[in-house]
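Using full-length UniProt numbering, you'd call the opening residue of the sequence shown number 1 and step up by one each time.
Note that CB positions come from ideal geometry on N, CA and C, so glycine has one too.
To start, the structure under review is shown below, and the notes come after it.
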Amino acid sequence: MQSSERWRYKTELPALVYLNAFRVWQAVGSVPRRCTRLRSQSWFLRIRRWILSVRSKSPLKISFCPQEHDVETPYGKVHCTMKGVPKGDRPVILTFHDIGLNHKTCFDPLFSHEDMQEIMQHFAVCHVDAPGQHEGAATFPQGYDYPSMDQLSEVLPLVLKHFHLRSVIGMGVGAGAYILAKFALDYHTMVEGLVLININPCAEGWMDWAAGWAHAMPDMIITHLFGKEEIHNNHDLIATYRHHILNEVNQANLHLFVKSYDSRRDLEIERPIPGGHITVRTLKCPALLVVGDSSPAVDAVVECNTKLDPTKTTLLKMADCGGLPQVDQPGKLTEAFKYFIQGMGYMPSASMTRLVRSRTASGSSVTSFDGSRSRSHTNEGRARAHTADNQRGHGLAEAPAEGSTDQAVPKSTEVSC
Numbered sequence: 001m002q003s004s005e006r007w008r009y010k011t012e013l014p015a016l017v018y019l020n021a022f023r024v025w026q027a028v029g030s031v032p033r034r035c036t037r038l039r040s041q042s043w044f045l046r047i048r049r050w051i052l053s054v055r056s057k058s059p060l061k062i063s064f065c066p067q068e069h070d071v072e073t074p075y076g077k078v079h080c081t082m083k084g085v086p087k088g089d090r091p092v093i094l095t096f097h098d099i100g101l102n103h104k105t106c107f108d109p110l111f112s113h114e115d116m117q118e119i120m121q122h123f124a125v126c127h128v129d130a131p132g133q134h135e136g137a138a139t140f141p142q143g144y145d146y147p148s149m150d151q152l153s154e155v156l157p158l159v160l161k162h163f164h165l166r167s168v169i170g171m172g173v174g175a176g177a178y179i180l181a182k183f184a185l186d187y188h189t190m191v192e193g194l195v196l197i198n199i200n201p202c203a204e205g206w207m208d209w210a211a212g213w214a215h216a217m218p219d220m221i222i223t224h225l226f227g228k229e230e231i232h233n234n235h236d237l238i239a240t241y242r243h244h245i246l247n248e249v250n251q252a253n254l255h256l257f258v259k260s261y262d263s264r265r266d267l268e269i270e271r272p273i274p275g276g277h278i279t280v281r282t283l284k285c286p287a288l289l290v291v292g293d294s295s296p297a298v299d300a301v302v303e304c305n306t307k308l309d310p311t312k313t314t315l316l317k318m319a320d321c322g323g324l325p326q327v328d329q330p331g332k333l334t335e336a337f338k339y340f341i342q343g344m345g346y347m348p349s350a351s352m353t354r355l356v357r358s359r360t361a362s363g364s365s366v367t368s369f370d371g372s373r374s375r376s377h378t379n380e381g382r383a384r385a386h387t388a389d390n391q392r393g394h395g396l397a398e399a400p401a402e403g404s405t406d407q408a409v410p411k412s413t414e415v416s417c
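This is the structure in structure tokens:
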């Protein structure tokens, strides 16, 4: 075997490191003496092909370039972006955005955050754009019947089939959270867990609908995404998202998506009765409900929490956070997501540092550990805190509080950070 062949097969560094090193060596014009042949473009290409072949056979292979797909559905093509390579024994993180946004403007700040990279080493991510909402989308032809929220949830099994996926961990915001919840209700075997940001499980009231259409489309969406305080004080953020809404989403298609969301039906979910034998319609998978404390969606998210199984649901109310937690505080949300994933049995060695937890009775006040403030989550009144009891299958370790509650009262985990 020639020396160059021995060098190629005896290397112990990752192939990707070598590839990047070759590029640097070429750029600076200084190649190590043992690799002088790499100055030749043909040798560089041969090494690159060898590295790619090694990567394709590796069980740890990672696709660093997003793969864009148009998935055929009864409602036209749905644009999806896959980042990473799905692992056969693990679900894929599947995201769905809110109205006025697409997967980039909704989720890039979160998935670009340095703390999220640890998660992305373990899970592939599939971003789903609602029909006609991705960048550069063409205007739908006249007479096109835009899918309802129920129909959009029926698109997701087709997405999983297209990518040969068995199950997902869903992450949705606003309209996307509603769609993922509906998907989980109808196809519970395909969903291992849900992160629902700003979810509203109820149908839109006619007064809310009329009030919304009294404003121009961008203004209506801004008030849907952000709280009043945020709109008045954070002018740069609002200007950025107003620009996104006006320039990065097809306006005609956006009107159709907004109309579909405003016409949504009530999810008709109910909280199971402990020890009851009556089957109710509720989420069967672990769910993390997330909302900023100044978000316009606070009341809706809290109401949703009261309708879900308290043994499988965690409510995360983020202090000093606006309408889009994944944009405003991506680090804290990533930390909570890691705990959530750990509770599902994945990433047991992930490092955790940020959150302080408090388990409370469902519908209770939750103390913010950022300061001495406390915030009432619901109108049900102030419930008593209780000491740590049997730890359930969430990865959120509890900090015991003083006092106790009747053990017959259903418990849910509520977190303030």
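Report the three-state DSSP secondary structure of residue i (helix, strand or coil).
i: residue 342; result: helix
i: residue 87; result: coil
i: residue 132; result: coil
i: residue 109; result: helix
i: residue 162; result: helix
i: residue 67; result: strand
i: residue 149; result: helix
i: residue 337; result: helix
i: residue 127; result: strand
i: residue 267; result: coil
i: residue 101; result: coil
i: residue 313; result: strand
i: residue 114; result: coil
i: residue 249; result: coil
i: residue 82; result: strand
i: residue 140; result: coil
i: residue 423; result: This structure leaves residue 423 out entirely; the chain is present only between 1 and 417.
i: residue 307; result: coil
i: residue 176; result: helix
i: residue 221; result: helix
i: residue 74; result: strand
i: residue 239; result: helix
i: residue 292; result: strand
Check whether the Cβ atoms of residue i and residue j sit closer than 8 Å, and answer yes or no.
i: residue 340; j: residue 172; result: no
i: residue 174; j: residue 99; result: yes
i: residue 155; j: residue 105; result: no
i: residue 244; j: residue 110; result: no
i: residue 82; j: residue 130; result: no
i: residue 290; j: residue 169; result: no
i: residue 195; j: residue 80; result: no
i: residue 346; j: residue 166; result: no
i: residue 71; j: residue 127; result: no
i: residue 177; j: residue 283; result: no
i: residue 334; j: residue 113; result: yes
i: residue 132; j: residue 250; result: yes
i: residue 120; j: residue 88; result: no
With distance defined between alpha-carbon atoms, name the residue in the options nearest to residue i.
i: residue 307; options: 336, 245 and 181; result: 181
i: residue 285; options: 187, 135, 80 and 102; result: 187
i: residue 248; options: 158, 139, 292 and 325; result: 139
i: residue 190; options: 328, 237 and 93; result: 93
i: residue 271; options: 252, 303, 76 and 137; result: 303
i: residue 317; options: 336, 217 and 87; result: 336
i: residue 146; options: 108, 200, 217 and 254; result: 254
i: residue 150; options: 201, 144 and 164; result: 201
i: residue 152; options: 179, 136 and 310; result: 179
i: residue 157; options: 328, 287, 78 and 199; result: 78
i: residue 257; options: 266, 148, 348 and 331; result: 148
i: residue 320; options: 229, 76 and 338; result: 229
Would you report the Cα separation of residue i and residue j, rounded to the nearest angstrom?
i: residue 268; j: residue 141; result: 34 Å
i: residue 134; j: residue 281; result: 33 Å
i: residue 66; j: residue 273; result: 44 Å
i: residue 260; j: residue 116; result: 32 Å
i: residue 240; j: residue 313; result: 33 Å
i: residue 204; j: residue 300; result: 11 Å
i: residue 246; j: residue 322; result: 21 Å
i: residue 252; j: residue 237; result: 24 Å
i: residue 292; j: residue 219; result: 20 Å
i: residue 107; j: residue 95; result: 8 Å
i: residue 164; j: residue 265; result: 30 Å
i: residue 326; j: residue 279; result: 34 Å
i: residue 68; j: residue 235; result: 33 Å
i: residue 344; j: residue 287; result: 10 Å
i: residue 324; j: residue 349; result: 28 Å
Of all Cβ atoms in chain C, is any one closer than 8 Å to the Cβ of residue i?
i: residue 71; result: Of the protein chains in this structure there is only one, and it is not chain C.
Within 8 Å, do at least three Cβ pairs link the stretch 215-227 to the stretch 289-296? At 8 Å Cβ cutoff, the stretches touch.
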